[in-house]
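Chemist: The listed protein sequences correspond, in order, to chains A and B. Just so you know, the working numbering puts the end of the first sequence at 132, numbered straight through with nothing missing. Just so you know, the working numbering puts the end of the second sequence at 1040, numbered straight through with nothing missing.
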Amino acid sequence: MSGTFTKSMARNIFYGGSMFFVLLFLALTFDTMKVLPQRDNRANLTQAVINGKKIWETRNCIGCHTLLGEGAYFAPELGNVYTRRGPDFIKAWIMGQPTGTPGRRQMPQFNLTPQELDDLVAFLKYSSEINSAKWPPNIEG
Amino acid sequence: MQYKSQAVAKPYFIAAIGLFVGQILFGLIMGLQYVVGDFLFPAIPFNVARMVHTNLLIVWLLFGFMGAAYYLVPEETETELWSPKLALALFWIFLVAGALTIVGYLSLPYAKLAELTGNDLLATMGREFLEQPLITKIGIVIVALAFLFNITMTTLKGRKTSIVLVLLLGLWGLAVMFLFSFYNPHNLVLDKFYWWWVVHLWVEGVWELILGALLAFVLIKVTGVDREVIEKWLYVIITLTLITGIIGTGHHYFWIGTPEYWQWWGSIFSALEPIPFFAMTIFAFNMVNRRRRDHPNRAATLWALGTGVMAFLGAGVWGFLHTLAPVNYYTHGTQITAAHGHMSFYGAYAMVVLCIISYAMPVLRGRAANSNKAQVMEMWSFWLMTVSMVFITLFLTAAGVLQVWLQRYSQTPMPFMEAQDQISLFYWLREGAGVIFLIGLVVYIGSFFVKGESKAQTT
Ligand code: HEC
Ligand code: HEM
Ligand code: HEM
Ligand SMILES: [Fe+2]
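1. Among the candidates B:A727, B:N878, B:Y834, whose CA atom is the shortest distance from the CA of B:Y910?
2. For A:T104 and chain B, any beta-carbon pair shorter than 8 Å?
3. With distance defined between alpha-carbon atoms, name the residue in B:I674, B:Q1001, B:L755 nearest to B:Q916.
4. Cβ atoms of B:Y691 and B:A590: under 8 Å apart, would you say?
5. What is the DSSP secondary structure of B:E712, reduced to helix, strand or coil?
6. From A:L180 to B:S664, what distance separates their C-alpha atoms?
7. What is the C-beta distance between A:E68 and A:P127, in whole angstroms, given that I count them as a contact (C-beta under 8 Å)?
8. Which word fits A:D31, buried or exposed, when buried means at least 16 other C-beta atoms lie within 10 angstroms of its C-beta?
9. What three-state label does DSSP hand A:E48 in the structure shown?
10. Can you give me the C-alpha to C-alpha distance between B:S848 and A:I130, rounded to a whole angstrom?
11. Going by DSSP, what residue range makes up the alpha helix (DSSP H) through B:W641?
12. What residues in the segment 696 to 711 of chain B bring their beta carbon closer than 7 Å to a beta carbon of chain A?
13. Is the CB of B:E1003 under 8 Å away from at least one CB in chain A?
14. Between the segment 903 to 915 of chain B and chain A, which residues of the former have a C-beta closer than 7 Å to a C-beta of the latter?
15. For A:L111, count neighbouring C-beta atoms within 10 Å of its own C-beta (all shown protein chains included) and say buried if the count is 16 or more, exposed if not.
16. Between the alpha carbons of B:I811 and B:I595, how many angstroms are there, rounded?
17. What are the boundary residues of the alpha helix (DSSP H) that B:K1032 is part of?
18. Answer yes if the segment 731 to 747 of chain B comes into contact with the segment 673 to 685 of chain B, meaning at least three C-beta pairs across the two stretches below 8 Å, and no otherwise.
19. Taking 7 Å as the cut-off, is the CB of B:H634 close to at least one heavy atom of ligand 2?
20. If you drop the 5 nearest sequence neighbours on each side, which residues of the same chain put their C-beta closer than 6 Å to that of B:G838?
21. Taking C-beta to C-beta, are A:N102 and B:N628 nearer than 8 Å?
22. Can you tell which of B:I819, B:T822, B:T820, B:T705 has its C-alpha closest to the C-alpha of B:P766?
23. When you compare each of B:M611, B:I863, B:L815 to A:T(-3) by their alpha carbons, which one comes out closest?
24. Taking any Cβ of chain A, which residues in the segment 796 to 814 of chain B have a Cβ under 8 Å from it, in chain order?
25. Taking Cβ positions only, does B:G895 come closer than 8 Å to chain A?
26. Taking Cβ positions only, does B:A919 come closer than 8 Å to chain A?
27. Measure the Cβ-Cβ separation of B:T804 and B:R879 and say whether it is below 8 Å.
28. Note down, in chain order, each residue of its chain lying with its Cβ closer than 8 Å to the Cβ of B:L1019, except the 5 sequence neighbours on either side.
29. Over what stretch of residues does the alpha helix (DSSP H) that includes B:M995 continue unbroken?
30. Going by C-alpha distance, which of B:H921, B:L883, B:T888 is nearest B:V898?
31. Using 10 angstroms around the beta-carbon of A:M136, count the other beta-carbons present and answer buried if the total reaches 16, otherwise exposed.
32. When the Cα of B:A1014 is compared with those of B:P996, B:T974, B:E789, which residue comes out closest?
33. B:V1103: buried (16+ other C-beta within 10 angstroms of its C-beta) or exposed?
34. Can you find the residues in the same chain that come closer than 8 Å, C-beta to C-beta, to B:A568, ignoring five residues on each side of it along the sequence?
35. Quick one: grab the DSSP three-state call for A:I4.
Next up, the structure:
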């Protein structure tokens, strides 16, 4: 890389090239924002779901679980747990923690009220209905 | 040391190393919880240890970047830092705020911490890597802005080299992209979409500018190769970074509810992302081969070469492994991701910070290089940490392949917990490699206390 290709040419390509791809990315983002309403299940974004998301966040469930494949890899995927287990199992499960099984990975007790449990389940139901391009490959997540 | 004010870098480097130790201890706790599930439960649940592990990682890297900037900017711009006092004040503010946050994680239930720190005013917590309380996030922004102000003012009054401009661009980008951590819409898809503007556009965007600038600086110093040549390489590398990495964000938009055209954009552009990392490796080796002097600090040269190689392996090779949509369909959110996350973060960012520390710390302590004995010890620690990280990555990759096979790919998929049981051997091996890593880190710290003949100040 010597001869006619100078540093100032490299610099100009950097600024020009980066600018171009920033703009392309913004254009794709703009288009994504237009398409999302058909995919992101926002029609079912009820107050219960909104409350449930906040409970999800303030208990840091993502620190052990994945949700749509993102998060921690210590405990089962929960993006489809609503379809895998159903609402009653989920509530009973959360109330029953920790299992205390010696040597087995543990989930804490969060002392959620029945209302909070309903909201959390509403959030998990809403998440399971997002169009995630057929991911995960099977029900086990 | 050419400029008095460079000395403020020293506490930053020391803090970075201290927090690094904390990060590894919590990594080992989690590694054990992977196989002995109730270890330290309920005192330190896995999610708490994970927050501490990853947040300490980010914070020590930020300390490293800031220390690096305080060291590098005066030397490059050939002028004293605009305000060393501000730099020192920010150091204490950042350290205390960081420590309080970690204490908060460990001593309070997370929901309580959220309640106490204003999460009800603006909910930003509880998302991976962005778990910090609102007040900590605001603190980070204030510290970052004051820091940027300080080094920008320094640059404005001094010589403006390409290395400094690229470094500043990277650091400003870091601060600007972090602002997206304050945007947490109720809509989960939007939340995830913009969450990646922090995480991906950091590590595969603006941080790579910082990485390139630091590497270029050290290479100029240890090889004596002409600045024009090095800076031209730097521009080529960061051009490749941004033209692949920005659209490459799409490799996170395959399965989170975003339109399916991202499978094409994301796969194609992210498949090109290894190129800048490869260029970085070639760059480092090329410059060292063309060196015009034999710098007495051989350890720093080793770290520079190591950064090139390990960043390419961790980010380039292990990134490519799972970045094509048809592959990612099976590997998404498995131990394959963890394998890649570890080698890339270590190979690119941990190592570049250790590289600049290796170069700058002897100078800050009044010598061009440490004694031969100290350097040999440092190089031992290099190999211990780097080789054990390679093994951590290999064991996690094996665990990930089995996990995908049993739980995702099989005709009769196994439930998550059953599959985890099947692969516990590899988690034990990972933990063993992690212990060797810790030993490497202890040796590294030990190398700072080795005395002996030291080479005289050269530059
Ligand atoms: C400290 C880690 C941890 C945290 C935090 C955590 N979990 Fe869990 N969770 C687990 C583990 C481990 C399992 C599997 C345990 C087992 O099978 O014995 C699990 C299982 C589950 C299951 C059953 C999944 C299935 O398919 O059977 C549900 C539902 C669940 N968690 C929901 C939640 C929710 C909701 C939160 C946040 C309020 C949460 N978890 C927080 C560790 C955690
Ligand atoms: C040396 C011993 C270490 C051990 C035992 C260890 C263990 C772990 C564990 C168990 C996790 C959580 C994985 C999960 O979500 O299930 C984790 C996450 C993580 N660790 Fe480590 N770690 C170690 C060192 C390091 C080092 C040196 C780095 C980087 C410099 C690092 C960076 C990370 C990152 C970035 C994550 C998040 C990964 C992701 O989200 O995919 N760790 N670590
Ligand atoms: C130094 C640069 C890099 C670092 C520090 C890094 C780090 C990480 C981390 C920590 C994650 C996990 C995020 C999470 O917790 O969800 C991740 C995910 C990912 N990275 Fe990287 N990465 C780098 C470069 C690359 C490159 C160059 C590629 C592609 C060639 C790549 C491809 C991916 C993919 C596809 C995922 C998603 C994995 C999944 O679906 O679970 N990365 N990266
Ligand atoms: Fe990425």
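For each residue, glycine too, the CB sits at the ideal point set by N, CA and C.
Modeler: With the structure as the only source:
1. Nearest C-alpha to B:Y910 among B:A727, B:N878, B:Y834: B:Y834.
2. For A:T104, not one C-beta of chain B is nearer than 8 Å to its own C-beta.
3. For the options B:I674, B:Q1001, B:L755, the alpha carbon positioned closest to that of B:Q916 is the one of B:Q1001.
4. No, they are not a contact pair.
5. Of the three classes helix, strand and coil, the one that applies to B:E712 here is coil, per DSSP.
6. Past the boundaries of the shown model lies residue 180 of chain A; chain A is included only from -8 to 132, so the question cannot be answered.
7. At roughly 6 Å, the Cβ-Cβ gap stays under 8 Å, so A:E68 and A:P127 are in contact.
8. By the neighbour-count rule (16 or more Cβ atoms within 10 Å), A:D31 is buried.
9. Correct three-state label for A:E48: helix.
10. Cα to Cα, B:S848 sits roughly 25 Å from A:I130.
11. Taken as a continuous stretch (DSSP letters only), the alpha helix (DSSP H) holding B:W641 covers 627 to 658.
12. Against chain A - using a Cβ distance shorter than 7 Å - the residues of the segment 696 to 711 of chain B are N700, A704, M706, G707, R708, E709.
13. Contrary to the premise, residue 1003 of chain B reads as Gln rather than Glu in this sequence. Among the CB atoms of chain A, none fall inside 8 Å of the CB of B:Q1003.
14. Within the segment 903 to 915 of chain B, the qualifying residues are Y910, Y911, H913, G914, T915.
15. Buried, since its Cβ has 16 or more Cβ neighbours within 10 Å.
16. Using only the alpha carbons, I get a separation of about 29 Å.
17. Premise fails: B:K1032 is in no alpha helix (DSSP H) and is neither H nor E.
18. Not touching, per the Cβ criterion.
19. Because some heavy atom of ligand 2 lies under 7 Å away, the Cβ of B:H634 counts as near it: yes.
20. Cβ within range, chain order: V770.
21. No; because the gap between Cβ atoms is not below 8 Å, this pair is not in contact.
22. Of the candidates B:I819, B:T822, B:T820, B:T705, B:T705 places its Cα closest to the Cα of B:P766.
23. Scanning B:M611, B:I863, B:L815 for the CA closest to the CA of A:T(-3) turns up B:L815.
24. Answer in chain order: E809, V810, E812, K813, W814.
25. Contact of B:G895 with chain A is not assigned, every C-beta pair being separated by 8 Å or more.
26. Interface residue, yes.
27. In this structure, B:R879 does not lie closer than 8 Å to B:T804 by Cβ.
28. Within the same chain, B:L1019 has close Cβ partners I605, L606, L609.
29. Per DSSP, B:M995 belongs to no alpha helix (DSSP H) and is neither H nor E.
30. Among B:H921, B:L883, B:T888, the Cα nearest to that of B:V898 belongs to B:H921.
31. Residue 136 of chain A is absent from the model: chain A starts at -8 and stops at 132.
32. Per the Cα distances, B:T974.
33. This structure cannot speak to residue 1103 of chain B, because chain B is shown only from 582 to 1040.
34. Residue 568 of chain B cannot be examined here, being either before or after the span of chain B that is shown, 582 to 1040.
35. Here A:I4 sits in helix by DSSP.
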